[in-house]
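Participant:
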Amino acid sequence: MEESQKRKSELRKKVNAWKKEHPDWRNSEAMETAKSKINERTWEGYVSVLPIFCYFLDKTPQEIIEEREEHYKSDDRKVRYYYEDKLEEFRQFLIDHHYGAGTIKAYLGRVAGLFSNNRLDLLLDKSFWAKSNKDSSEIAQALETTKRYPDNDEMRLIIELADNRQALGILFGYHCGLSPSDTVSLTWDRLNIDFEQEKREFIHVDSVRDKTGVDHVIILNPDILHFLKAHWLACEKPSTGWIFEGYKNTAMNPRNLNHFFKELSVKALGEHRGGELMFKDLRDSFNEAILDSEVNEEIKDILMGHARPSAKGNYSFSTASIVRIYREQIYPKLAINGWALKEKASEVDTLKKAVGELKNALTHVESENSAYKTRVDALQKTVDDVIWDFRHMEALHSVQMGKLFEKGYLDMPLDKFVKSEEVEKYLKEKYGDNR
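In my numbering, the protein residues as written are 984 to 1418.
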């Protein structure tokens, strides 16, 4: 740790000395051109990082841009790509001074921005940026701690302690991936929701990220809509103006979001864990939920407000598909207000209804079977009676004919010499008791 602080402290002193030697370094045409194309926060990043690069080269921003323009005209590849090679050397320079991997990537991005905002883009391979946030010195790696972003259980605890407006602001970060500046820039007319008539549970809002100017789709879900409507009612049903209002009809300061989120995190999770968290971590939690959902890279870029690759950037996309993917694959991982349980309960209700219908059908079948059984039993009795009558007539005939042949009374009336007990005896001997 001492070695890291020592190297960085020495570098700061040298950079400050360079700035004193070049007092007009930030007022050049190159810097003014870059400033005109970026927002104030990004400009502050340029002003803090570019002097390190300028000290590394011992050149002012104007000298760098003019030299880059001359190099563009050269047929010598080594000259034409001089600054691409220098950026690679600058990356190693930062590693040697024990900057963390994430810081290195951010610094390289701001340097590259100076060139691109002066229309002199650096031609860097994708592999350069892919490894720019992975390499750092052993000392820097030892100092870095693995960041664990707030999970769903932690977010529930934090939201429970928040008031309605705080909960709403936090959910815009957690469920939509909005940064503090994106969140406070939201207005009622931009969302354009008729709370009196709206019945949808998921609503998409076309937006543009404050930081990058990239198209961005925000999906308002049941959790957000619950707190948003309550906030709308508390604000007396506005149709215009800031959703998160500050003083004198201005937007809330983005720092206020981080302040109350940090305060609530400590109360909910304790000083150690809560003290680690910042509002911008909510965007990373949203990003992780998208990655866990395994959606394609284009959908991820649209939901995160990232610039899409130039080959796809000009193609339109289906917002209906994005809303469906968000609802089915992403939101269930982020819901904090029982929506997932509601969906499961709905599935159970559907199953219960199906079971009830099956039970009714079985009862109907059983009722029909009972009716059939009654009819069959009655028919069987009728058949049994007919068979018995037939057997009775057969017995009568047999006994009668036997006596006729025995006595020679073929011309006498049958009931004169055949008795009923004789017929019954015949039947019993032949058929037993199986009537």
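Even for Gly, the Cβ is constructed at its ideal location relative to N, Cα and C.
Just to confirm the assignment, what range does the beta strand (DSSP E) spanning Ile1202 have?
Facilitator: Asp1198 to Leu1203
Participant: Please classify Asp1189: does DSSP put it in a helix, a strand, or coil?
Facilitator: Strand.
Participant: So what's Ala1234 in DSSP terms, helix, strand or just coil?
Facilitator: Strand at Ala1234.
Participant: Indicate the three-state DSSP secondary structure (helix, strand or coil) for Glu1228 in the structure shown.
Facilitator: Three-state DSSP puts Glu1228 in a strand.
Participant: Pull up the CB-CB distance for Lys948 and Asn1100, whole angstroms please, since I reckon it's below 8 Å.
Facilitator: With the chain represented from 984 up to 1418, any question about residue 948 goes unanswered, as that position is not in the structure.
Participant: State the Cα-Cα distance for the pair Tyr1230 and Asp1264, rounded to the nearest angstrom.
Facilitator: 26 Å
Participant: Rounded to a whole number of angstroms, what is the C-alpha to C-alpha distance between Asp1108 and Met1138?
Facilitator: 39 Å
Participant: Asn1426: which of Arg1148, Glu1277, Val1188 and Asn1352 sits nearest, CA to CA?
Facilitator: For residue 1426 there is no data in the structure shown, the boundaries of the chain being 984 and 1418.
Participant: In terms of DSSP beta bridges, what is Thr964 paired with?
Facilitator: Any property of residue 964 remains undetermined from this structure, which presents the chain solely from 984 to 1418.
Participant: Rounded to the nearest angstrom, what separates Thr1063 and Leu1103 at their Cα positions?
Facilitator: Checking the sequence shown, residue 1063 turns out to be Arg, not Thr. If I take the Cα positions, the gap works out to 11 Å.
Participant: From what residue to what residue does the alpha helix (DSSP H) around Leu1097 run?
Facilitator: Ala1084 to Ser1099
Participant: Given Lys1018, which residues of its chain have a CB within under 8 Å of its CB, disregarding the five upstream and five downstream residues?
Facilitator: Cβ within range, chain order: Trp1026 and Tyr1029.
Participant: Alpha carbon to alpha carbon, how far is Asp1189 from Ile1201?
Facilitator: So the two alpha carbons sit approximately 6 Å from each other.
Participant: Around the Cβ of Trp1112, are there at least 16 other Cβ atoms within 10 angstroms (buried) or fewer (exposed)?
Facilitator: exposed
Participant: When you compare only the Cα positions, how much space is there between Val1197 and Leu1106?
Facilitator: 22 Å
Participant: Could you give the distance in angstroms between the alpha-carbon of Thr1223 and the alpha-carbon of Asp1206?
Facilitator: 22 Å
Participant: Helix, strand or coil for Thr1302? Go by DSSP, reduced to three states.
Facilitator: helix
Participant: In or out: Gly1253 buried (at least 16 other Cβ within 10 Å) or exposed?
Facilitator: The residue in question, Gly1253, is exposed, as its Cβ has fewer than 16 Cβ neighbours within 10 Å.
Participant: Are three or more beta carbon pairs between the region 994-1006 and the region 1044-1060 nearer than 8 Å?
Facilitator: no
Participant: Please report the distance separating the alpha-carbon of Arg1093 from that of Glu1052.
Facilitator: 19 Å
Participant: For the alpha helix (DSSP H) containing Pro1034, name the first residue and the last one.
Facilitator: Glu1023 to Leu1040
Participant: So, with DSSP's three-state summary, where would you put Glu1181?
Facilitator: Here Glu1181 sits in coil by DSSP.
Participant: Is the separation between the beta-carbon of Phe1073 and that of Phe1098 shorter than 7 Å?
Facilitator: no
Participant: What three-state label does DSSP hand Ile1176 in the structure shown?
Facilitator: Coil at Ile1176, not helix or strand.
Participant: Return yes when the C-beta of Arg1358 is under 6 Å from any heavy atom of the ligand NAP, and no when it is not.
Facilitator: You won't find the ligand NAP in this model; it holds no ligand whatsoever.
Participant: Enumerate in chain order the residues of its own chain whose CB-to-CB distance from Leu1077 is below 7 Å, with the five nearest sequence positions on each side excluded.
Facilitator: Ile1087 and Tyr1090
Participant: Taking only the alpha-carbon atoms, compute the straight-line gap between Ile1142 and Trp1215 and give it to the nearest angstrom.
Facilitator: Taking the CA atoms as reference points, Ile1142 sits about 19 Å from Trp1215.
Participant: Along the chain, where does the alpha helix (DSSP H) that runs through Glu1067 open and close?
Facilitator: Tyr1065 to Asp1079
Participant: Within its chain, find whatever has a CB closer than 6 Å to the CB of Glu1015; leave out the 5 residues flanking it on each side and keep chain order.
Facilitator: Hits under 6 Å: none found.
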